[in-house]
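With the sequence shown counted from 1, adding 1 to any position gets you my numbering.
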Amino acid sequence: MSKVAARSAVKTAIQMVHRLKPQTRLEILNFKKDRAVHVERTREGQLRVAEDGYVRQEWHVDEREAEALLKDIIPREFPRSHELRFTVKNLDKDQ
């Protein structure tokens, strides 16, 4: 888990999404952990982006669409946050 300044969160999130391997998830949470954005790379290589906070939505997109989506979602979900928590988790049950 690492803390990232909110003003650089979009750039950091996009860089981390490019490095995600199949069956891994990037979680972005605020300090209280009551709002979150999850980006998961599926086995097929698609990205599942889930917004869980003010709005609860889910999208299945490619990397280019995910970039545009994150630029929209992160400021909406974390308008007053100064630091965000970034965590990468492995979703594969075999390991």
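Beta carbons: idealized from backbone N, C-alpha and C, even for Gly.
Give me the Cα-Cα distance between residue i and residue j, rounded to the nearest whole angstrom.
i: proline 80; j: leucine 21; result: 25 Å
i: glutamine 16; j: valine 62; result: 16 Å
i: histidine 83; j: arginine 8; result: 8 Å
i: glutamate 28; j: arginine 44; result: 18 Å
i: glutamine 24; j: alanine 51; result: 15 Å
i: valine 89; j: isoleucine 74; result: 18 Å
i: alanine 67; j: leucine 48; result: 7 Å
Taking residue i as the reference, give the member of the options with the closest Cα.
i: aspartate 35; options: Thr88, Glu78, Ile15 and His83; result: Glu78
Can you tell me whether residue i is buried or exposed, with buried defined as 16 or more other CB within 10 angstroms of its CB?
i: valine 56; result: exposed
i: glutamate 59; result: exposed
By the three-class DSSP mapping on this structure, what secondary structure does residue i have?
i: histidine 61; result: strand
i: glutamate 41; result: strand
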